[in-house]
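Let me begin by presenting the structure, written as structure tokens, before commenting on it.
In our numbering, the protein residues as written are 18 to 750.
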């Protein structure tokens with residue numbers, strides 16, 4: 018008899034331990050198999066961590082432990098092979114420990130839906146098979162003409178898909194006569210488009226220096242800082258070539274799913290069919306197939322977004338995070354992992370080199386490189402010494418900068434758009450806010466249309482005439498009147514991507530204008546088609562949110578415009594200036610990447626703010642120096658580490674009481690160098706009918722508080738009426 022120690026599928030902190038079951042079957046069972054179990058009278062999925070042999074009977078076990086052991090039957094064993102390798106299981110345990118997350122939650126994040134330790138995975142996609150026909154005997158004696166026709170087709174093309182071979186009944190007759198046989202083969206539901214093989218260009222002197230420095234670097238993590246257009250991708254490709262030649266494999270991460278097709282194309286052109294793709298917008302079937310193809314060792318390079326850091330790739334020699342500064346590498350729900358930190362954990366385990374690439378590195382990464390924690394390589398100039406774009410900052414508080422034509426697009430920007438359109442050159446306009454109007458209110462009674470779930474302002478979307486909350490997803494039909502006073506005169510203010518597109522269509526009716534934001538890209542084909550068509554010159558102007566500012570290479574773009582540079586500065590986060598600088602610098606960098614010199618226009622109400630001034634100049638070093646001074650004064654990363662505790666409850670008083678009580682317990686330990694801020698009211702203070710409060714822990718040594726914090730979280734999780742989530746290294750609060 019075997020005793021199985023099993024994790025249950027619920028990621029509640031109180032259940033973050035194994036529960037023991039007995040198994041007396043003969044079917045193979047191993048750690049990291051899924052099993053169906055009865056848990057507290059309910060059928061749930063379990064995940065086996067350990068197995069022990071026992072000579073005792075169930076009755077003896079019950080007498081010894083004081084409770085009866087439930088049994089797992091042979092039919093409850095789900096898998097035939099362990100779902101994770103030893104290495105991936107070790108990674109899961111490290112992630113669980115670092116982020117104070119229940120292990121089962123980490124495992125559910127790591128595995129695709131069809132292999133996840135959840136009961137719902139049993140209804141997910143499975144292996145898809147196709148029937149192929151293979152020739153056995155090409156002799157034609159005793160066959161009808163129709164049978165001979167199909168036999169010759171199969172003989173010439175064997176193996177051939179059954180559905181392409183002709184009449185199913187005739188195929189069946191040929192099988193009966195032992196002329197052909199049917200073979201089931203696994204179907205691959207995702208195919209990376211074929212790319213023409215590329216011969217590598219000669220590296221520039223700077224690229225060669227960066228490449229060699231990374232290879233020679235003894236430290237496991239290297240920051241590759243290169244201005245936009247400096248050729249970082251070519252360095253990634255050359256490093257990959259070197260690693261592959263040594264029999265090792267490559268994990269290539271990009272921050273946004275919309276950047277994946279371009280990066281896949283770069284790698285496919287260089288390395289052919291050894292590339293696999295992994296991200297959340299693949300269909301469940303495609304993701305399942307790609308995951309299994311990687312696990313079988315059929316791919317040597319994996320390209321993907323954040324979750325690809327958990328790809329079942331073995332023998333990794335290189336992990337690259339392109340645009341390492343981008344927020345989307347951080348998951349915004351439990352277990353709140355950051356792909357950069359997980360990549361570094363995995364690099365240490367696999368003895369792989371981790372390369373962090375960016376034109377505007379996060380302050381944390383740059384500071385670590387300056388302290389010698391990371392290695393450092395740079396690409397300070399554009400390829401072929403192309404000049405950086407000529408940038409103009411337009412002061413929106415000066416009404417002389419506007420004409421009667423537009424209140425959103427300034428005279429300098431309109432003049433440049435007209436000039437570029439006449440020259441048949443392309444334009445990118447960035448406004449990091451989607452929708453048509455961003456605020457709706459009643460001027461009669463002052464009622465503001467806000468989200469009933471989280472309190473955020475509702476944004477009007479012209480395409481479907483809906484009011485939408487961009488925080489929690491709440492939607493409602495645009496009302497004809499004020500719900501408070503009945504007035505039909507509603508005031509609409511603010512603007513987003515939809516409104517800018519409308520303005521451009523009115524001002525430049527012959528221009529071909531495309532929009533790209535998360536509303537458009539919900540349908541994946543829209544995303545790829547829009548990017549591809551703009552790259553090929555089928556549009557003159559591309560209007561979009563931050564997704565158009567990162568990583569793209571549009572050779573015909575000679576003008577980048579930031580319509581409203583101040584949006585990010587108004588957000589209540591310590592990273593507001595850093596995000597604003599990054600976005601402006603990245604947007605400016607999209608212009609003039611080919612033979613013609615680019616130009617950029619930044620519209621702002623804060624023309625002297627250092628994030629905007631240095632962003633327009635793409636002067637990272639000056640920004641870094643200034644922002645580090647600000648962070649030191651206010652004691653924020655990289656000078657301290659942060660842990661965010663969020664308390665939520667349907668009862669506001671209980672929520673507040675739990676937060677104060679938790680803070681008091683933590684303060685009572687007198688941990689040196691630990692500051693607690695709060696409880697605070699978060700920006701979105703109510704979500705889904707639950708009140709929220711937050712506590713921010715600032716510390717310099719996580720090990721000092723780790724053990725006590727884990728026990729405290731476990732104790733408070735048993736109260737039931739107040740939920741506590743923990744976010745290690747939060748980007749916002």
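All C-beta atoms in this analysis are idealised placements derived from N, C-alpha and C, irrespective of residue type, glycine included.
Mind checking residue 93: buried by the 16 CB within 10 Å criterion, or exposed?
The count along the chain shown starts at 1 and reaches residue 93 at position 76. With 16 or more other Cβ atoms within 10 Å, it is buried.
If you scan the region 268 to 322 from start to end, which runs of the alpha helix (DSSP H) of 4 or more residues do you find wholly inside it?
277 to 288, 301 to 312
Close Cβ partners of residue 500 (< 8 angstroms) along its chain, the five nearest in sequence each way excluded
The residue given as residue 500 occupies position 483 in the chain shown. Once the five neighbours on either side are set aside, the close Cβ partners of residue 500 are 464.
Measure the CB-CB distance between residue 135 and residue 95 and report whether it falls below 8 angstroms.
If you number the chain shown from 1, residue 135 lands on position 118. If you number the chain shown from 1, residue 95 lands on position 78. No, Cβ-Cβ distance for residue 135 and residue 95 is not below 8 angstroms.
Residue of 520, 23, 475 minimising C-alpha distance to residue 509:
The residue you call residue 509 lines up with position 492 of the chain shown. When each option's Cα is compared against that of residue 509, the closest is 475.
Which one of 448, 714, 354, 529 has the shortest CA to CA distance from residue 435?
Numbered from its first residue, the chain shown carries residue 435 at position 418. Residue 529 is the option with its Cα nearest to residue 435.
Should the region 577 to 593 be called in touch with the region 370 to 377, which here means at least 3 C-beta pairs below 8 angstroms?
no
From what residue to what residue does the beta strand (DSSP E) around residue 335 run?
By one-based count along the chain shown, residue 335 stands at place 318. Looking at the DSSP string, the run of the beta strand (DSSP E) that includes residue 335 is 333 to 338.
Out of 105, 518, 231, 562, point me to the one whose CA is closest to residue 273's CA.
Residue 273 sits at position 256 when you count from the first residue of the chain shown. It is 562.
For residue 582, three-class secondary structure by DSSP:
Here the question's residue 582 lines up with position 565 in the chain shown. Residue state, collapsed to three classes: coil.
Could you check which residue in 616, 686, 593, 486 has the C-alpha nearest to that of residue 579?
Your numbering for residue 579 matches position 562 in the chain shown. Of the candidates 616, 686, 593, 486, the one whose C-alpha sits nearest the C-alpha of residue 579 is 616.
Cβ-based burial, residue 90 [other Cβ within 10 Å; buried from 16]:
Along the chain shown, read from residue 1 onward, the residue named residue 90 stands at position 73. Exposed, by the Cβ-count rule.
Per-residue DSSP class, three states only, for residue 38
As a working note, residue 38 is residue 21 in the chain shown. If DSSP states are grouped into helix, strand and coil, residue 38 belongs with the strands.
Can you list, in chain order, the residues of its chain with a C-beta nearer than 7 angstroms to that of residue 176? Leave out the 5 residues immediately preceding and following it.
Taking the first residue of the chain shown as position 1, residue 176 is located at position 159. Hits under 7 angstroms: 149, 150, 151, 200.
Given this structure, state the Cα-to-Cα distance separating residue 18 from residue 58, to the nearest angstrom.
One-based indexing of the chain shown puts residue 18 at position 1. One-based indexing of the chain shown puts residue 58 at position 41. One C-alpha to the other measures close to 23 angstroms.
Residue 440 to residue 263, Cα distance in whole Å?
What you label residue 440 is simply residue 423 of the chain shown in a count that begins at 1. What you label residue 263 is simply residue 246 of the chain shown in a count that begins at 1. Going by the C-alpha atoms only, they are around 49 angstroms apart.
Please report how far the alpha carbon of residue 240 lies from the alpha carbon of residue 413, in whole angstroms.
Looking up residue 240 in the chain shown gives position 223. Looking up residue 413 in the chain shown gives position 396. Those two C-alpha atoms are separated by around 37 angstroms.
Validate contact between the region 333 to 343 and the region 353 to 372 using beta carbons, cut 8 angstroms, 3 pairs:
yes
Less than 8 angstroms between the C-beta atoms of residue 452 and residue 515, yes or no?
By one-based count along the chain shown, residue 452 stands at place 435. By one-based count along the chain shown, residue 515 stands at place 498. Contact: yes.
Locate the alpha helix (DSSP H) running through residue 78, then write down its first and last residues.
Residue numbering aside, residue 78 sits at position 61 when the chain shown is read from its first letter. Taken as a continuous stretch (DSSP letters only), the alpha helix (DSSP H) holding residue 78 covers 75 to 82.
Please classify residue 139: is it buried, with 16 or more other beta-carbons within 10 angstroms of its beta-carbon, or exposed?
Sequence index remark: in the chain shown, residue 139 carries index 122 (1-based). Exposed: under 16 other Cβ atoms inside 10 Å.
May I ask whether a heavy atom of the ligand SAM can be found less than 7 angstroms away from the beta carbon of residue 532?
In the structure shown, the ligand SAM is absent, as is every other ligand, since no ligand is present at all.
Out of 383, 321, 23, 388, point me to the one whose CA is closest to residue 356's CA.
Against the chain shown, residue 356 aligns to sequence position 339. Ranking 383, 321, 23, 388 by Cα distance to residue 356 puts 321 first.
Just verifying my parser: in three-state terms, what is the DSSP assignment at residue 266?
Working through the chain shown from its first residue, we reach residue 266 at position 249. If DSSP states are grouped into helix, strand and coil, residue 266 belongs with the strands.
Would you list the residues sitting across from residue 388 in a DSSP beta bridge?
Along the chain shown, one-based indexing puts residue 388 at 371. DSSP, once it has assigned bridges, lists no residue as partnering residue 388.
Assumed close pair residue 574, residue 399 - CB separation to whole angstroms, cut-off 8 angstroms:
Your numbering for residue 574 matches position 557 in the chain shown. Your numbering for residue 399 matches position 382 in the chain shown. Incorrect: roughly 14 angstroms between the Cβ atoms, too far for contact.
Indicate the three-state DSSP secondary structure (helix, strand or coil) for residue 697 in the structure shown.
Start at 1 with the first residue of the chain shown, and residue 697 comes out as number 680. Three-state DSSP puts residue 697 in a strand.
Tell me residue 477's beta-bridge partners as DSSP assigns them.
Here residue 477 corresponds to residue number 460 of the chain shown, with the count starting at 1. The partner list for residue 477 (beta bridge, DSSP) reads 454, 484.
Residue closest to residue 450, alpha-carbon to alpha-carbon, out of 517, 693, 406:
Along the chain shown, one-based indexing puts residue 450 at 433. Considering only alpha carbons, the answer is 517.
Alpha carbon to alpha carbon, what distance is there between residue 371 and residue 360?
Here the question's residue 360 lines up with position 343 in the chain shown. Here the question's residue 371 lines up with position 354 in the chain shown. Taking the straight line from one Cα to the other gives about 7 angstroms.
What residues in its chain sit with their C-beta under 6 angstroms from that of residue 386, if we drop five residues either side in the sequence?
Residue 386 sits at position 369 when you count from the first residue of the chain shown. Cβ within range, chain order: 240, 393.
Neighbourhood of residue 604 by C-beta distance below 6 angstroms, restricted to the same chain and skipping five residues each side:
As a working note, residue 604 is residue 587 in the chain shown. For residue 604, where only same-chain residues beyond five positions count, the Cβ hits under 6 angstroms are 447, 566, 577, 579.
Can the beta-carbon of residue 732 be found less than 8 angstroms from the beta-carbon of residue 666?
Position 715 of the chain shown, counting from 1, holds the residue named residue 732. Position 649 of the chain shown, counting from 1, holds the residue named residue 666. The answer is no: Cβ separation not under 8 angstroms.
Give me the Cβ distance between residue 395 and residue 227, rounded to the nearest whole Å; I'm assuming they're in contact under 8 angstroms.
One-based indexing of the chain shown puts residue 395 at position 378. One-based indexing of the chain shown puts residue 227 at position 210. Going by Cβ atoms, the distance from residue 395 to residue 227 rounds to 7 angstroms, so yes, they are a contact pair.
According to DSSP, is residue 438 helix, strand or coil?
Looking up residue 438 in the chain shown gives position 421. Three-state result, residue 438: helix.
Can you tell which of 193, 125, 124 has its C-alpha closest to the C-alpha of residue 154?
As a working note, residue 154 is residue 137 in the chain shown. If we check each option's Cα against that of residue 154, 193 comes out closest.
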